[in-house]
């Protein structure tokens with residue numbers, strides 16, 4: 670029962686609401702990251718370069734992220750069309766930032782997977798704020 674309550678869309682305001690909402694963002698983000706990394710891994714194993722494979726995997730994660738965020742984390746106030754259009758803009762910026770950070774970490778000598786994980790962690794907090802205050806508002 671506690672898991673079902675945790676997985677329900679957060680209600681109300683205040684710090685408890687924020688913690689619940691951010692926790693769901695991170696939990697659903699883990700699922701989106703799994704989709705991103707699974708596609709990326711398969712493409713790297715098939716011979717695609719790391720940054721390009723990450724960009725394609727990022728798309729798989731983005732689709733997963735939108736669905737979970739729309740139906741389980743945030744309470745969109747303007748409907749799927751508006752949220753979807755805003756999400757596309759936000760995700761395009763996130764893709765650019767993901768690509769720039771990953772390429773930068775690779776350029777300074779990091780290996781692919783530590784660079785990608787670091788990039789993902791760095792982007793988590795900003796993504797939450799953009800989704801909460803603009804995309805799903």
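Numbering (our numbering), first residue to last: 670 to 806.
Note that the Cβ used here is the ideal one computed from N, Cα and C, for glycine as well.
Predicted model, so just to flag it, every value in this text is computed and none were measured.
For this session: Taking residue 727 and residue 741 to be in contact with their CB atoms under 8 angstroms, please state how far apart those CB atoms are, rounded to whole angstroms.
Result: By a beta-carbon distance limit of 8 angstroms, residue 727 does not contact residue 741. Their separation comes to about 21 angstroms.
For this session: Please work out which residues of its chain come closer than 6 angstroms, Cβ to Cβ, to residue 693, disregarding the five sequence neighbours upstream and downstream, and give them in chain order.
Result: Sequence-distant Cβ neighbours of residue 693 in its own chain, meaning closer than 6 angstroms and more than five residues away, are 742.
Problem set entry | Closest Cα partner of residue 710 within the set 791, 744, 785 | Cα-wise, what sits closest to residue 710 is 785.
Problem set entry | Range of the contiguous alpha helix (DSSP H) that encloses residue 786 | Where residue 786 is concerned, the enclosing alpha helix (DSSP H) stretches over 781-799.
Exercise. Do residue 737 and residue 697 come within 7 angstroms of each other at the CB atom, strictly closer than that value?
Worked result: Pairing residue 697 with residue 737 gives a Cβ-Cβ distance under 7 angstroms.
Exercise. Which residue comes first and which comes last in the alpha helix (DSSP H) that contains residue 682?
Worked result: Counting along the chain, residue 682 falls outside any alpha helix (DSSP H), and DSSP gives it neither H nor E.
For this session: Can you tell me which of the three DSSP states residue 738 falls into?
Result: Helix.
For this session: Closer than 6 angstroms by C-beta to residue 781: which residues in its own chain qualify, once you throw out the five before and the five after it? Chain order, please.
Result: Taken in chain order, the residues that qualify are 719.
For this session: Can you say whether residue 777 is buried or exposed, counting buried as having 16 or more other CB atoms within 10 angstroms of its CB?
Result: With fewer than 16 other Cβ atoms inside 10 Å of its own Cβ, residue 777 counts as exposed.
For this session: Check residue 765 in the structure and name its three-state DSSP category.
Result: Shown here, residue 765 sits in a helix according to DSSP, grouped into three states.
Exercise. For the candidate residues 795, 789, 803, whose alpha-carbon lies nearest to that of residue 699?
Worked result: It is 789.
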